[in-house]
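Chains as they are written, first to last, in the numbering used here: chain A, 2 to 195; chain B, 32 to 248. From the three backbone atoms N, C-alpha and C, an ideal C-beta is built for every residue, glycine too. Values in this document were obtained by computation on a predicted structure and should not be read as measured data.
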């Protein structure tokens with residue numbers, strides 16, 4: 002099955018405020034979209050609408066293929082060791098232990114496996130969330146500010162992972178106020194502000 | 032899938048578990064049983080007559096203590112969003128949480144009821160009905176607690192509010208559960224169990240809807 006992600010005429014309302022309207026996009030395998038815009042313009046809301054976590058005020062989203070979401074919340078138990086916290090998602094996703102170890106090594110997390118998640122730094126937590134996303138093995142990645150908290154090496158690593166994902170026929174939507182090296186169509190959300 | 036969920040929920044909620052799951056509710060329960068004779072005086076007949084009811088009230092209050100860490104931390108950490116994206120419905124997650132919550136507090140509470148009964152000079156027959164009543168009633172208390180914890184999870188100061196909201200809803204369980212001590216025919220036990228089962232069937236749906244509502248908000 003070919004992965005697809007398409008949105009048609011999306012409008013988003015939060016409270017009494019219409020954040021944006023008329024946003025459309027269509028992504029085929031190997032394509033990426035960079036959602037740019039200032040803070041509070043609705044990048045995160047758009048990501049959540051694309052994920053199906055938020056109902057759009059108008060318009061519709063069609064997806065085929067599994068969805069992976071990376072946002073500011075790592076969804077890892079703070080008290081658990083990194084291995085146990087990632088292990089829970091690996092068990093749900095059916096990730097093989099070998100693959101989990103590989104991802105952890107690629108992200109420089111293997112030495113931290115025994116450390117409780119609450120002791121990890123912001124950047125380390127972000128990388129752990131990336132490992133969770135990799136283990137999910139889904140074609141559609143929705144990344145909300147994926148570079149926040151990452152150091153230069155971490156940023157390069159994240160960009161490399163996304164490039165690799167796209168090369169393998171994946172789809173990525175990246176909401177970020179920062180520049181992202183991966184070539185991608187840019188959607189400037191300010192143009193759709195209501 | 033439910034096995035994976037349940038294993039994590041138990042690891043989080045059991046005493047000594049990851050989220051500071053502790054024996055505190057249990058000690059609280061025993062402390063109430065210990066305080067009561069100090070307050071009303073050490074008359075054995077009075078204690079034997081009223082002790083069962085006191086243990087019921089203590090059990091109800093002890094069931095409120097763990098609610099704070101039942102749902103809100105996972106909601107904040109985005110665990111339910113990630114579960115949703117993996118096709119795990121909120122209802123399933125809540126059903127697993129309900130079972131884990133009950134397992135984390137009820138069996139130990141039943142055990143603690145033994146020393147509490149001794150402190151209050153309860154006769155053996157009363158103790159038997161009390162234990163059966165608690166066994167029948169605690170799933171209902173867990174179900175009410177879970178639904179309320181999910182409803183108040185996204186609110187600030189939700190913990191105190193959930194305690195207040197649980198108490199009126201738990202009154203039917205208390206009436207029939209504690210009432211069964213005075214009626215030897217077992218009808219009170221049957222009614223307690225019936226209410227409990229009904230609440231357990233409803234709670235995952237109520238809690239699941241509450242989590243979805245919190246997501247949209």
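Item checked: Proximal residues, the stretch 110-135 of chain B versus chain A, C-beta separation under 7 Å -> Answer set for the stretch 110-135 of chain B: 110, 112, 113, 115, 116 and 117.
Item checked: Boundaries (first-last residue) of the beta strand (DSSP E) holding residue 183 of chain A -> In the first chain, counting from the first residue as 1, residue 183 of chain A sits at position 182. Unbroken run through residue 183 of chain A: none, as it is neither H nor E.
Next item on the list: Could you tell me whether any Cβ in chain B is nearer than 9 Å to the Cβ of residue 11 of chain A?
Entry: For the purposes of this step, residue 11 of chain A is taken as the residue at position 10 of the first chain. Not one chain B Cβ lies under 9 Å of residue 11 of chain A.
Next item on the list: Taking residue 46 of chain A as part of the beta strand (DSSP E), name the residues at either end of that continuous run.
Entry: For the purposes of this step, residue 46 of chain A is taken as residue 45 along the first chain, with counting starting at 1. Looking at the DSSP string, residue 46 of chain A is not in any beta strand (DSSP E); the run it does join, the alpha helix (DSSP H), is 44-52.
Checklist line | Beta-carbon proximity check, residue 64 of chain B vs residue 94 of chain B, cutoff 9 Å | finding: On the second chain, position 33 is the one that residue 64 of chain B refers to. On the second chain, position 63 is the one that residue 94 of chain B refers to. No, the pair does not count as a contact, with Cβ atoms beyond the cut-off.
Note to self: Let me make sure I understand the geometry here. Which of B:103, B:234 and B:233 has the alpha-carbon closest to that of residue 245 of chain B?
What the structure shows: Taking the second chain and counting its residues from 1, the one referred to as residue 245 of chain B is at position 214. Residue B:103 is the option with its Cα nearest to residue 245 of chain B.
Next item on the list: Determine the contact status of residue 20 of chain A and residue 13 of chain A, defining contact as a CB-CB distance below 9 Å.
Entry: Counting from 1 along the first chain, the entry for residue 20 of chain A is found at position 19. Counting from 1 along the first chain, the entry for residue 13 of chain A is found at position 12. A contact, by the Cβ cut-off of 9 Å.
Check: Using the beta-carbon of each residue, which ones in chain E are nearer than 9 Å to residue 108 of chain B?
Finding: The structure shown contains no chain E; its protein chains are A and B.
Checklist line | Straight-line gap, residue 56 of chain A to residue 211 of chain B (C-alpha atoms, nearest Å) | finding: What you label residue 56 of chain A is simply residue 55 of the first chain in a count that begins at 1. What you label residue 211 of chain B is simply residue 180 of the second chain in a count that begins at 1. Near 48 Å, if we compare the C-alpha coordinates of residue 211 of chain B and residue 56 of chain A.
Next item on the list: Could you tell me whether the Cβ atoms of residue 70 of chain A and residue 52 of chain A are closer together than 9 Å?
Entry: Taking the first chain and counting its residues from 1, one reaches residue 70 of chain A at position 69. Taking the first chain and counting its residues from 1, one reaches residue 52 of chain A at position 51. Closer than 9 Å, so yes.
Next item on the list: Please work out which residues of its chain come closer than 8 Å, Cβ to Cβ, to residue 137 of chain A, disregarding the five sequence neighbours upstream and downstream, and give them in chain order.
Entry: Within the first chain, residue 137 of chain A is the residue found at index 136, counting from 1. The residues are 67, 69, 90, 94 and 96.
Margin query: Which residue marks the beginning of the alpha helix (DSSP H) containing residue 127 of chain A, and which one marks its end?
Written below: What you label residue 127 of chain A is simply residue 126 of the first chain in a count that begins at 1. Segment 123-137, the alpha helix (DSSP H) holding residue 127 of chain A.
Margin query: Using the Cβ count rule (16 or more neighbours within 10 Å means buried), how would you classify residue 175 of chain B?
Written below: Indexing the second chain from 1 puts residue 175 of chain B at position 144. Its Cβ being crowded by 16 or more others within 10 Å, residue 175 of chain B is buried.
Margin query: Against residue 14 of chain B, what residues of chain A qualify as contacts under a CB-to-CB distance less than 8 Å, listed in chain order?
Written below: Any property of residue 14 of chain B remains undetermined from this structure, which presents chain B solely from 32 to 248.
Check: CA-CA distance, residue 114 of chain A and residue 97 of chain B?
Finding: The residue labelled residue 114 of chain A in the question sits at position 113 within the first chain. The residue labelled residue 97 of chain B in the question sits at position 66 within the second chain. The straight-line gap from Cα to Cα measures roughly 29 Å.
Checklist line | Option nearest residue 78 of chain A by Cα separation, candidates B:167, B:60 and B:41 | finding: In the first chain, the residue the question calls residue 78 of chain A occupies position 77. The alpha carbon of residue 78 of chain A has as its nearest neighbour, out of B:167, B:60 and B:41, the alpha carbon of B:41.
Note to self: Whole angstroms are fine: how far does the CA of residue 138 of chain B sit from the CA of residue 102 of chain A?
What the structure shows: The residue you call residue 102 of chain A lines up with position 101 of the first chain. The residue you call residue 138 of chain B lines up with position 107 of the second chain. When rounded, the distance between both Cα atoms is 38 Å.
Item checked: Segment limits, beta strand (DSSP E) that includes residue 183 of chain B -> Along the second chain, one-based indexing puts residue 183 of chain B at 152. Taken as a continuous stretch (DSSP letters only), residue 183 of chain B belongs to no beta strand (DSSP E), as it is neither H nor E.
Check: So, does the CB of residue 80 of chain B fall closer than 9 Å to a CB anywhere in chain A?
Finding: What you label residue 80 of chain B is simply residue 49 of the second chain in a count that begins at 1. No, no contact with chain A.
Note to self: Taking 7 Å as the limit between beta carbons, can you name the residues of its chain near residue 209 of chain B, skipping five residues before and five after?
What the structure shows: As a first step, residue 209 of chain B is located in the second chain; it is residue number 178 there, counting from the start. Excluding sequence positions up to five before and after residue 209 of chain B, its CB lies within less than 7 Å of the CB of 83, 84 and 87, all in the same chain and listed in chain order.
Next item on the list: Provide the residue span of the beta strand (DSSP E) that contains residue 21 of chain A, from first to last.
Entry: The residue given as residue 21 of chain A occupies position 20 in the first chain. Counting along the chain, the beta strand (DSSP E) containing residue 21 of chain A begins and ends at 18-28.
Next item on the list: Could you name the residues of chain B that residue 175 of chain A contacts, counting a contact when the two beta carbons are closer than 7 Å?
Entry: The sequence position of residue 175 of chain A within the first chain is 174, counting from 1. By Cβ distance, chain B contributes nothing, its closest Cβ being about 17 Å from residue 175 of chain A, past 7 Å.
Item checked: Residues that residue 54 of chain A contacts on chain B, provided the C-beta gap is smaller than 7 Å -> In the first chain, the residue the question calls residue 54 of chain A occupies position 53. Residues of chain B passing the Cβ test: 112, 115 and 246.
Next item on the list: For the stretch 206-231 of chain B, enumerate the residues whose C-beta is nearer than 7 Å to any C-beta of chain A, in chain order.
Entry: none
Notebook entry, point to check: If you measure from the beta carbon of residue 67 of chain A to each beta carbon in chain B, is any gap under 9 Å?
Noted result: Taking the first residue of the first chain as 1, we reach residue 67 of chain A at position 66. Answer yes: the Cβ-Cβ gap between residue 67 of chain A and chain B drops below 9 Å somewhere.
Next item on the list: Within 10 angstroms of the Cβ of residue 181 of chain A, are there 16 or more other Cβ atoms? Answer buried if so, exposed if not.
Entry: By one-based count along the first chain, residue 181 of chain A stands at place 180. In the assembly as shown, residue 181 of chain A is a buried residue. Its beta-carbon has 16 or more other beta-carbons within 10 Å.
Notebook entry, point to check: Terminal residues of the continuous beta strand (DSSP E) containing residue 61 of chain A?
Noted result: As a working note, residue 61 of chain A is residue 60 in the first chain. Run containing residue 61 of chain A: 59-65, per the beta strand (DSSP E) assignment.
Next item on the list: With a floor of 4 residues, list each alpha helix (DSSP H) that falls wholly inside the stretch 147-202 of chain B, ordered by position along the chain.
Entry: Assignment of alpha helix (DSSP H) within the stretch 147-202 of chain B, counting only whole runs of 4 or more residues, yields 155-182 in chain order.
Check: Taking the beta strand (DSSP E) that residue 35 of chain A falls in, what are its first and last residues?
Finding: In the first chain, residue 35 of chain A corresponds to position 34, counting from 1. Taken as a continuous stretch (DSSP letters only), the beta strand (DSSP E) holding residue 35 of chain A covers 33-37.
Margin query: To the nearest angstrom, how far is the alpha carbon of residue 1 of chain A from that of residue 61 of chain A?
Written below: The question about residue 1 of chain A has no answer here: the residues shown for chain A are numbered 2 through 195.
Checklist line | contact_flag[the stretch 231-239 of chain B, the stretch 24-44 of chain A] where n(CB pairs < 8 Å) is 3 or more | finding: They do not touch, by the three-pair rule.
Check: Is there a Cβ from chain B that is less than 9 Å from the Cβ of residue 137 of chain A?
Finding: Here residue 137 of chain A corresponds to residue number 136 of the first chain, with the count starting at 1. Yes, because at least one Cβ of chain B sits closer than 9 Å to the Cβ of residue 137 of chain A.
Check: What number of angstroms, rounded off, separates the C-alpha of residue 121 of chain A from the C-alpha of residue 100 of chain A?
Finding: Along the first chain, read from residue 1 onward, the residue named residue 121 of chain A stands at position 120. Along the first chain, read from residue 1 onward, the residue named residue 100 of chain A stands at position 99. The straight-line gap from Cα to Cα measures roughly 22 Å.
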